[in-house]
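Notes follow once the structure below has been shown.
Numbering (my numbering), first residue to last: 904 to 1055.
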């Protein structure tokens, strides 16, 4: 995935913006881009089984054959919603989640349908900062009350 996402970047060199010399190099894609690519591959992985000849075979024949670029798996992923000593998963009970997010950090997905609790917490942060000439910044301390959600 990292090699697949490598790109060529070029830069011009020359007097007054002329491009009399071009230097090019390979550059890794941003980490997020590689991660998103792998996540898409993971989400589209094909379940396979080993047939009597010892070859991989698609478990559900309604799906297309995987290409050399696709991911395949033999065993289902463990249920990360509940604690599992064998896999080292602690489950999601008590994990902080985002009530408004539709993504994997959202309470609907992370809490696995069990719902979530909301509690208030107070944090201190710097606020109303002013720059004084010369040369320091003076800030007040503000107390902010936040609603925090955690999985049941």
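Beta carbons are placed, not taken as given, at the ideal position from N, Cα and C, and that holds for glycine. Only a predicted model underlies this, so the values are computations on that prediction, with no experimental measurement involved.
Under the three-state DSSP convention, the category residue i falls into
i            : result
residue 996  : coil
residue 1029 : strand
residue 1042 : strand
residue 925  : strand
residue 936  : helix
residue 920  : helix
residue 1047 : strand
residue 968  : coil
residue 963  : coil
residue 915  : strand
When the options are compared against residue i, the one with the closest alpha-carbon
i            : options               : result
residue 1050 : 1012, 1041, 1003, 989 : 1003
residue 1048 : 929, 1021, 1032       : 1021
residue 1015 : 958, 925, 987, 996    : 996
Contact under 8 Å by Cβ, residue i with residue j
i            : j            : result
residue 949  : residue 973  : yes
residue 1055 : residue 998  : no
residue 1045 : residue 1019 : no
residue 931  : residue 905  : yes
residue 1041 : residue 1035 : yes
Residue i burial status per 10 Å Cβ neighbour count (16 or more: buried)
i            : result
residue 990  : exposed
residue 1032 : exposed
residue 1038 : exposed
residue 1052 : buried
residue 1010 : buried
*Do the stretch 933 to 943 and the stretch 914 to 921 touch if we need at least three Cβ pairs shorter than 8 Å?*
no
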